[in-house]
Amino acid sequence: MRDILLQIDGTELESKEGMSVLQAANSAGIDIPKLCHYDKLVPYGGCRLCIVDVESKGISKLVVSCVYPVEENLIVRTRSEKIDRIRKTILELLLAHAPNSPELQEMAQEYGADKDRFDKDSSFCIHCGLCVRYCDEVKKLNAVGFIDRGSKKEISFIPEIAAKECRNCMECFPLCPTSYLQAAFVLSESLSSTNLPSKS
Amino acid sequence: MSQINSPAELEELRKGILSERDPQKPCITLCSGSACNASGSEEVGLNLEEELKKQGLSDEVDIRKTGCHGFCERGPIIINHPDESTYLQIEPKDVEEIISKTIKEKQLIDRLLYINPDSNEKITNESEIPFYKYQERLVFGSNGSIDPKRIDDYLAIGGYSALVKIFSGMTPEDVLDEVKRSKLRGRGGGGFPAGRKWEGSRNAPEKTKYVIVNADEGDPGAYMDRALLEGNPHSVLEGLIIGAYAIGAHEGYVYVRQEYPLAVENINIAIKQAEDQGLIGKNIMGSGFDFKVIVHQGAGAFVCGESTALMTALEGRVGEPRPKYVRSNIKGLWNKPSVLNNVETWANVPLIINNGADWFTQMGTEGSKGTKIFSLVGKITNTGLVEVPMGMTLRDIIYKIGGGIPGGKKFKAVQTGGPSGGCIPEDQLDLEVGFDELARAGSMMGSGGMIIMDEDNCMVDVARYFIEFLCDESCGKCVPCREGTKQMLKILTDITEGKGKKGDIGLLEELSEVLSEASLCALGQTAPNPFLSTLRYFREEYEAHINEKKCSALSCKELISYYIEPDKCNACTICFKKCPSDAIIGGKKKIHVIDQDKCTKCDTCFEVCPSKFDAVSKISGAPVPISIPEDERDFIKNSNQ
Chain A
1 MRDILLQIDG TELESKEGMS VLQAANSAGI DIPKLCHYDK LVPYGGCRLC IVDVESKGIS
61 KLVVSCVYPV EENLIVRTRS EKIDRIRKTI LELLLAHAPN SPELQEMAQE YGADKDRFDK
121 DSSFCIHCGL CVRYCDEVKK LNAVGFIDRG SKKEISFIPE IAAKECRNCM ECFPLCPTSY
181 LQAAFVLSES LSSTNLPSKS
Chain B
1001 MSQINSPAEL EELRKGILSE RDPQKPCITL CSGSACNASG SEEVGLNLEE ELKKQGLSDE
1061 VDIRKTGCHG FCERGPIIIN HPDESTYLQI EPKDVEEIIS KTIKEKQLID RLLYINPDSN
1121 EKITNESEIP FYKYQERLVF GSNGSIDPKR IDDYLAIGGY SALVKIFSGM TPEDVLDEVK
1181 RSKLRGRGGG GFPAGRKWEG SRNAPEKTKY VIVNADEGDP GAYMDRALLE GNPHSVLEGL
1241 IIGAYAIGAH EGYVYVRQEY PLAVENINIA IKQAEDQGLI GKNIMGSGFD FKVIVHQGAG
1301 AFVCGESTAL MTALEGRVGE PRPKYVRSNI KGLWNKPSVL NNVETWANVP LIINNGADWF
1361 TQMGTEGSKG TKIFSLVGKI TNTGLVEVPM GMTLRDIIYK IGGGIPGGKK FKAVQTGGPS
1421 GGCIPEDQLD LEVGFDELAR AGSMMGSGGM IIMDEDNCMV DVARYFIEFL CDESCGKCVP
1481 CREGTKQMLK ILTDITEGKG KKGDIGLLEE LSEVLSEASL CALGQTAPNP FLSTLRYFRE
1541 EYEAHINEKK CSALSCKELI SYYIEPDKCN ACTICFKKCP SDAIIGGKKK IHVIDQDKCT
1601 KCDTCFEVCP SKFDAVSKIS GAPVPISIPE DERDFIKNSN Q
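These protein sequence lines are chains A and B, in that order. Just so we're aligned, residue 1 is where the first sequence starts under this note's numbering, counting upward by one. Just so we're aligned, residue 1001 is where the second sequence starts under this note's numbering, counting upward by one.
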């Protein structure tokens, strides 16, 4: 793979063709906030917190760094007034669902996000999809999936699969940015609402 | 059926079809698109067949069931050929008279003709009706003259001659060049130059490439793609084959929403017929070019009209968009170069090949060439589908073609571009329609929806309505769209319910920035438009709602009160009897009074009060006058009343 030279926050660095800007930044120790990204999974581009400003051939635009591929001579800025403002609002929107998530709180402090800005809707889940995608892409089990659409979307364990597979795995739980209790709760609820045997 | 092996054979076939047709033979065409089927066209068709049989004319008169003619306000429409006299709003009971009088005795039936509302003149010919007169029906016009279920009809009007042309010596590069020079832009919403999109795919190194028809039309009130696919599916197919040839694709998909059963049926029939004739399949017309087409029915999510979501759905997964930093013409369906254009865009392609790019670029504005089909709905006299050259002014479309606003009401705004478009006010009615022109006005072309609003429409409520639609249709993958539309909807709903607070406008603007800058796909990026454009042109309505709790359009239920003006009330008891919540205190010879606590603001009293009295009024932003005392409510008729 070709080496690609780019600049992030004033630092010149080398990365490989096909890498994302987020990967390139992380490899150079530059931190970009994110919630739906996990190295073992295909980049998702859902939380939009990793939004950065890129300048290419004199034109600059806002892009999401987890899915934006590195380019030769790309100039990346990971913070600006506008970027911070967008991150702050995204965090505030998510804090309405999970005000007590330590991960969210930490970022809220960095960006001055007010957890009470929007009316509370404590569904905990922020739809990052980490559990769903981990179960699909890494475990190839699809024991947990999304149901419905938009703001009505929820994660849901498939009882038939979950009853067989989840007790021995639970690898998705620590991935949950809002505390895995929610996932555990949904799981146990699914299991108790089915007549399937809990052990197979 | 024997397959066509060369362009010459197709021309032979066409000659054969035409030689069997007598242009002087009487033929009745009846529009049978979904809209007119809903207004009884199917029964009219059955009656026509029966009546011709009864009068012994079955062999002498042809019936042709065509697609939509566009003038849906006055459908179903019958055109009698060869004189082309046009009858509107046909009911089954009219059929007998049409056959015995018009077909047999060559006499016109006056009551079925169009009457020009300005001059009271009867108009016999469709093309003279103002609704049609100012249109340029290049893409849509053939709908009225062919039976979409018969390939022979399409061939008879010159169909597939663009295919003949490309296989008679045009290289794929020639085709691409022609489309590029035509400056055709995507009719589905984005307005991306089709030629550039095609070129990207053609030049992509991957060998397998795809072409896709986006027929997932989902904008409320827009149905031009439906009408085209139902009424002239071969024109879309011909464009698709040409596109496939130009980029080197051997497989094409038609993604059509399953809520369009007639479109699904007609495109499937068209594909089968084209396959039987050898216009799709292996070695098309002896050219050595292979191409097949597969129809995929969408499961009904608005977001699947977005190109990447559509492709994800085609791949058999949940229809959610994916990042577009590498465009789908390079990495699209199954990661292969894929050209996706909408129905109308594809239908333009045969015209461009037949007539040339220079002909096409004669029409339109600097940045937008050719014509565009708009669906004219809302508070407009002539509801329907209209095709006009790009660059026609909004005023001409709304007044000359659309016939203006019904009921003597005042025009307020036209909402263009579908749910994420914007509202354009009266002082911009001379705006020429085009992609860039509409964008500069804070709206967009979208797929060509035009919803006309009058003085009774509250612009805050309009914004709320469209944001609600988008919130409901958001796929939920990215945070700004999923959470942002939800919060915007909540704030807008509060404002229309009189719970608006200082700072709401600012908060909405802030959310708008996050949505447009940070959303994953165009649905979220453009979702704030209904709010932003109404704020831009109608800010005073927002401020009145928030500060004075006043809805000047008298539309927001929570902000209005009903009041019976005592000096106008004639104690007729109509509203008293009709009120469903017993909120009207009155009786014979008693001036009526509304009990505000019981009133549910259902509008019934306002509707039923005889216009000669006009005693019920709506009040907003001001207190309701205190009711007259009970002992003064005796109604005494005086000479003034």
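Positions of the beta carbon are idealized from the N, C-alpha and C atoms, including for glycine.
Between the C-alpha atoms of Leu1163(B) and Ser1039(B), what's the straight-line distance to the nearest angstrom?
-> Using only the alpha carbons, I get a separation of about 37 angstroms.
Leaving out five residues on either side along the sequence, give the residues of the same chain with a beta carbon under 7 angstroms from the beta carbon of Lys279(A).
-> Examination of residue 279(A) is not possible in this model, given that chain A is present from 1 through 200 alone.
Please work out which residues of its chain come closer than 8 angstroms, Cβ to Cβ, to Glu1097(B), disregarding the five sequence neighbours upstream and downstream, and give them in chain order.
-> Correct list, in chain order: Ile1109.
What residue range is occupied by the uninterrupted beta strand (DSSP E) comprising His1296(B)?
-> Segment Lys1292 to Gly1298, the beta strand (DSSP E) holding His1296(B).
Check whether the Cβ atoms of Leu95(A) and Tyr134(A) sit closer than 8 angstroms, and answer yes or no.
-> No; because the gap between Cβ atoms is not below 8 angstroms, this pair is not in contact.
Looking only at its own chain, which residues have a Cβ that is under 7 angstroms from the Cβ of Asp1454(B), when we skip the five neighbours before and after it?
-> Excluding positions up to five away in sequence, the list reads Lys1379, Ile1405, Lys1409, Lys1410, Phe1411 and Lys1412.
How is the alpha helix (DSSP H) around His984(B) delimited, first residue to last?
-> As shown, chain B starts at 1001 and ends at 1641. That puts residue 984(B) outside it, with no answer to give.
Which residue comes first and which comes last in the alpha helix (DSSP H) that contains Gly1506(B)?
-> Annotation for Gly1506(B): the continuous alpha helix (DSSP H) segment containing it runs Asp1504 to Ala1518.
Which residues in chain A sit within 8 angstroms of Arg1482(B), going by Cβ to Cβ distance?
-> Simply His127, Gly150, Ser151 and Lys153.
Ile1522(B) touches chain A at which residues, Cβ-Cβ below 7 angstroms?
-> Correcting the residue type first, residue 1522(B) is Ala in the shown sequence and not Ile. At a C-beta separation below 7 angstroms, Ala1522(B) has no neighbours in chain A, since its nearest C-beta there lies roughly 14 angstroms away.
Buried or exposed: where does Thr1600(B) fall if 16 or more other Cβ atoms within 10 Å of its Cβ makes it buried?
-> Exposed.
Pro1480(B), enclosing beta strand (DSSP E) - first and last residue | From DSSP, Pro1480(B) is part of no beta strand (DSSP E) but of the alpha helix (DSSP H) over Val1479 to Thr1496.
Other residues of its chain near Ser1516(B): CB distance less than 6 angstroms, five sequence neighbours each side excluded = Once the five neighbours on either side are set aside, the close Cβ partners of Ser1516(B) are Gln1525 and Pro1528.
How about Pro1323(B): is its C-beta nearer than 8 angstroms to some C-beta of chain A?
-> The beta carbon of Pro1323(B) falls within 8 angstroms of a beta carbon belonging to chain A, placing the residue at that interface.
Name the DSSP beta bridge partners of Tyr1253(B), please?
-> Under DSSP, the beta-bridge partners assigned to Tyr1253(B) are Ile1212(B) and Ile1294(B).
Whole-Å CB distance - Val1386(B) paired with Gly1070(B), under 8 angstroms assumed = Correct: roughly 6 angstroms between the Cβ atoms.
Report the three-state DSSP secondary structure of Val1414(B) (helix, strand or coil).
-> Strand, per DSSP.
Within 8 angstroms (strictly less), CB to CB, does Ile86(A) reach chain B?
-> Taking Cβ atoms only, chain B reaches closer than 8 angstroms to Ile86(A), which makes this a yes.
Between the C-alpha atoms of Ile1424(B) and Val1388(B), what's the straight-line distance to the nearest angstrom?
-> Between the C-alpha atoms of Ile1424(B) and Val1388(B) there is a straight-line separation of about 19 angstroms.
Could you tell me whether the Cβ atoms of Gly1188(B) and Asn1214(B) are closer together than 8 angstroms?
-> Asn1214(B) is positioned such that its CB atom lies closer than 8 angstroms to that of Gly1188(B).
Partner residues on chain B for Cys47(A), Cβ-Cβ distance less than 7 angstroms = Those within 7 angstroms of Cys47(A) in chain B are Val1479.
Contact set for Glu1468(B): own chain, Cβ-Cβ below 6 angstroms, skip 5 residues either direction | Same-chain partners within the cutoff: Leu1489.
According to the neighbour-count rule (16 or more other Cβ atoms, all chains shown, within 10 Å of its Cβ), is Val42(A) buried or exposed?
-> Looking at its Cβ environment, which holds fewer than 16 other Cβ atoms inside 10 Å, Val42(A) is exposed.
Would you check if the distance between the CB atom of Gly1484(B) and the CB atom of Leu93(A) is smaller than 8 angstroms?
-> Against a cut-off of 8 angstroms, the Cβ pair of Leu93(A) and Gly1484(B) comes out as a contact.
Residue interval of the alpha helix (DSSP H) (run including Asn1266(B)) = Unbroken alpha helix (DSSP H) run through Asn1266(B): Pro1261 to Gln1277.
Could you work out which residue in Val1061(B), Asn1047(B), Glu1012(B) and Glu1042(B) is closest to Asp1022(B) when comparing CA atoms only?
-> Residue Val1061(B) holds the alpha-carbon nearest to the alpha-carbon of Asp1022(B) among Val1061(B), Asn1047(B), Glu1012(B) and Glu1042(B).
Going by Cα to Cα distance, which pick from Gly1367(B), Thr1308(B) and Ala1347(B) is closest to Tyr1325(B)?
-> Closest by alpha carbon: Thr1308(B).
Who are Lys1065(B)'s beta bridge partners in DSSP?
-> Paired residues: Leu1030(B).
Output, in chain order, the set of chain B residues within a Cβ distance shorter than 9 angstroms of Thr78(A).
-> Going along chain B, no residue has its Cβ under 9 angstroms from Thr78(A), so there is no contact; the nearest lies around 15 angstroms.
Quick one, are the C-beta atoms of Gln1273(B) and Ile1146(B) less than 8 angstroms apart?
-> No, the pair does not count as a contact, with Cβ atoms beyond the cut-off.
Put Met1170(B) into one of helix, strand or coil per three-state DSSP.
-> Reduced to three states, the DSSP call for Met1170(B) is coil.
Determine the DSSP secondary structure at Cys1423(B), reduced to helix, strand or coil.
-> Three-state DSSP puts Cys1423(B) in a strand.
Under the three-state reduction of DSSP, which class applies to Asp1634(B): helix, strand or coil?
-> Strand.
Chain B within 8 angstroms of Ile211(A), Cβ atoms only = Absent from the model: residue 211(A). The displayed extent of chain A is 1 to 200, so no value can be given.
Report buried or exposed for Ser1002(B), applying the criterion of at least 16 other Cβ atoms within 10 angstroms of its Cβ.
-> Under this definition Ser1002(B) is an exposed residue.
Hey, could you find the ends of the alpha helix (DSSP H) Phe1606(B) is sitting in?
-> Start and end: Thr1604 to Val1608.
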